[in-house]
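Remarks on the structure that follows.
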Amino acid sequence: MRQIYYFILFVVFNVQYVNAQYVGPDPNFAQIIGVASNKIVFSKSGNIYAGNYSNNNITRYLPNGTIDSSFGNSGAISPSQSISFREENGTDLYLSSSNKVLKYNFNGTSNNSFGNNGECILNIPDNGLIVGLIVNNDKSMYVKTSSTSGYNLFKVLPSGVVDNVFGVKNFGTSNINLSKTNDNTLIVSHATANASEYKLIKYTPQGDLDTTFGNQGILILPYTVSVTNYRVGVIVNSLNEIITRQVGEIRKYNINGNLDNSFGNNGIFSISSITNITLSAEDTDFDVDKNNKILFFSFTYAGDHKQFIARINNNGTPDNTFNANGTQPYYLSPPDWTVNWSTLQYCKATDDEKYNCITNKRLGLASYQQNIIKFTSNFSASLSTTEVDRKNLEIYPNPVSDILNIKLNFNEKLQKINIYSMDGRLVFTGANEKSNIGFLSAGDYILEVKTNKNTYNKKLLKK
Numbered sequence: 000m001r002q003i004y005y006f007i008l009f010v011v012f013n014v015q016y017v018n019a020q021y022v023g024p025d026p027n028f029a030q031i032i033g034v035a036s037n038k039i040v041f042s043k044s045g046n047i048y049a050g051n052y053s054n055n056n057i058t059r060y061l062p063n064g065t066i067d068s069s070f071g072n073s074g075a076i077s078p079s080q081s082i083s084f085r086e087e088n089g090t091d092l093y094l095s096s097s098n099k100v101l102k103y104n105f106n107g108t109s110n111n112s113f114g115n116n117g118e119c120i121l122n123i124p125d126n127g128l129i130v131g132l133i134v135n136n137d138k139s140m141y142v143k144t145s146s147t148s149g150y151n152l153f154k155v156l157p158s159g160v161v162d163n164v165f166g167v168k169n170f171g172t173s174n175i176n177l178s179k180t181n182d183n184t185l186i187v188s189h190a191t192a193n194a195s196e197y198k199l200i201k202y203t204p205q206g207d208l209d210t211t212f213g214n215q216g217i218l219i220l221p222y223t224v225s226v227t228n229y230r231v232g233v234i235v236n237s238l239n240e241i242i243t244r245q246v247g248e249i250r251k252y253n254i255n256g257n258l259d260n261s262f263g264n265n266g267i268f269s270i271s272s273i274t275n276i277t278l279s280a281e282d283t284d285f286d287v288d289k290n291n292k293i294l295f296f297s298f299t300y301a302g303d304h305k306q307f308i309a310r311i312n313n314n315g316t317p318d319n320t321f322n323a324n325g326t327q328p329y330y331l332s333p334p335d336w337t338v339n340w341s342t343l344q345y346c347k348a349t350d351d352e353k354y355n356c357i358t359n360k361r362l363g364l365a366s367y368q369q370n371i372i373k374f375t376s377n378f379s380a381s382l383s384t385t386e387v388d389r390k391n392l393e394i395y396p397n398p399v400s401d402i403l404n405i406k407l408n409f410n411e412k413l414q415k416i417n418i419y420s421m422d423g424r425l426v427f428t429g430a431n432e433k434s435n436i437g438f439l440s441a442g443d444y445i446l447e448v449k450t451n452k453n454t455y456n457k458k459l460l461k462k
């Protein structure tokens, strides 16, 4: 029902706002229900890889949300060992199992030319596990591991052999995050052991500190790290610019670690500069699209549970072409006052200007369900009511107080009418050319008229 509503909303919004860009849930995406949120990987191509809590299966979904039957066995691979999907890189797939890096072909079969029959085994201290990796442009990769002795970093060559020249870097018990540049250098970001500061460390592909970066290879970010203020994010865009985020604030640094003062206000962009809406103190996520614009994802916690997405130009100004209604430089979903509200949790941009997100839906007291939805921003507006609609359908009065009249072309027969609230709820259904809707609250609605030949969508104003 929601999918139908969002399609209707797309049509109606396009009718209203000429030259405005539609932003909102993608009506062509089949929502994926009940996923294991920590086993989901969103690829830039739009493909979605979903692991499973109950078995070792990994399923691939196409960008429209349907299962890709060309992958593995009817859309899934079912290895005998427990594996985690890590990254889709072109036609190569990278996974891990315990202390092994695995490389698969795009169809879900093992790439036996990599390492030893498709596997590269790492000698991780204290029987540790692989917990993350990123693949470089030359197909080498940096691999993050975790054990009782802390977090370690390895490099694996394109052939599937451990790079002993790079060595093994240990970062103690403080978790690390990895970002790569176009020339295969590595930026490691992490809080210090006493959680008093957050720093970036840049390594050359050979494993040496890049002394041209920051202070002899290390940049201390001006962020306060604490239990309630810890969500720091770091991304390197295709221009080798470093984008950092913490609690509603975004900064941009150049590849040498200098703050880019041409970005925003002296290198800083604040979400509060485009909205006074109170957003979640932890934010949700951020990403960079193919045009190096910055996406900021969050939600409101003030009882109305609205989902929020903003897009920021590469120079640190609001992208005013990115909006849901032509009046604001961000998307804000309708409020959800029900007990089954959803918040955004993990979001990534795809190369076709769409955004895959995991939502955290409340089912009841301390009970939640994770689902996957997709937002889109690449619908062009064309919009006015067509001449065909004007000839074939007339609704009156509009605005309406009580009796709504529907008049059709002589060769069309009314089959059904549906009225939706602006948050997607079906509030009225009928099959008569005269309907009493006086019971509806004043406000905007979407009217769907189905005939034996067509389906029409109109915006309806209830007085």
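Under numbering that gives the first Met the number 0, the first residue of the sequence shown carries the number 0, and numbering increases by one thereafter.
The beta-carbon is built from N, C-alpha and C at its ideal position, and this holds for glycine as well.
| Exposed or buried, SER470, counting other C-beta atoms within 10 Å across all chains shown (16 or more means buried)? | Only positions 0 to 462 of the chain appear in this structure, which leaves residue 470 out of reach.
| query | Taking Cβ positions, are ASN151 and GLY127 nearer each other than 8 Å? | reply | yes
| Can you check whether the CB of ALA441 is closer than 8 Å to the CB of LYS415? | no
| request: Count the CB pairs spanning the region 389-404 and the region 359-379 that are closer than 8 Å, and state whether there are at least three. | output: no
| message | Taking the straight line between their C-alpha atoms, what separation do you get for GLU469 and GLY213? | response | It is not possible to answer for residue 469, since the shown part of the chain is limited to 0 through 462.
| task | Check whether the region 406-413 touches the region 441-460, counting contact only when three or more Cβ pairs, one atom from each stretch, lie closer than 8 Å. | result | yes
| Relative to the C-alpha of THR180, which residue among LEU156, ILE234 and VAL130 is closest? | ILE234
| As assigned by DSSP and simplified to three states, the class of PRO124 | helix
| field | Which listed residue (GLY89, ASN88 and SER95) has its alpha carbon closest to that of SER81 | value | SER95
| field | Neighbourhood of PHE105 by C-beta, 6 Å cutoff - its chain only, sequence neighbours within 5 removed | value | THR90
| message | Could you pull the DSSP bridge partners for ALA190 from this structure? | response | TYR197
| query | Between the C-alpha atoms of ILE7 and VAL231, what's the straight-line distance to the nearest angstrom? | reply | Confidence in ILE7 is poor, its pLDDT being 44 and thus under 50, which makes the residue's placement too unreliable to answer from.
| query | Start and end of the beta strand (DSSP E) containing GLN414? | reply | 413-420
| message | Nearest by alpha-carbon distance to ASN290: which of LYS305, ILE76 and ASP318 is it? | response | ASP318
| ALA365 classed as buried or exposed, judged by whether at least 16 other C-beta atoms fall within 10 angstroms | exposed
| query | Would ALA84 pass as a contact of VAL155 if the rule is Cβ separation under 8 Å? | reply | Looking at the sequence shown, residue 84 is not Ala but Phe. Their beta carbons are not under 8 Å apart, which means PHE84 does not touch VAL155 by this criterion.
| Chain-order list of residues whose beta-carbon lies under 6 Å from that of SER341 (same chain, five-residue window excluded) | THR358 and LYS360
| query | Among LYS292, ASN431, THR320 and ASN322, which one has its Cα closest to the Cα of ASP350? | reply | LYS292
| If you drop the 5 nearest sequence neighbours on each side, which residues of the same chain put their C-beta closer than 6 Å to that of LYS38? | GLY50
| message | For a quick check, are the C-beta atoms of LEU331 and LYS305 less than 8 Å apart? | response | yes
| task | Pick helix, strand or coil for ASN37, following the three-state DSSP scheme. | result | helix
| message | On the DSSP letters alone, give me the boundaries of the beta strand (DSSP E) that LYS458 sits inside. | response | 454-461
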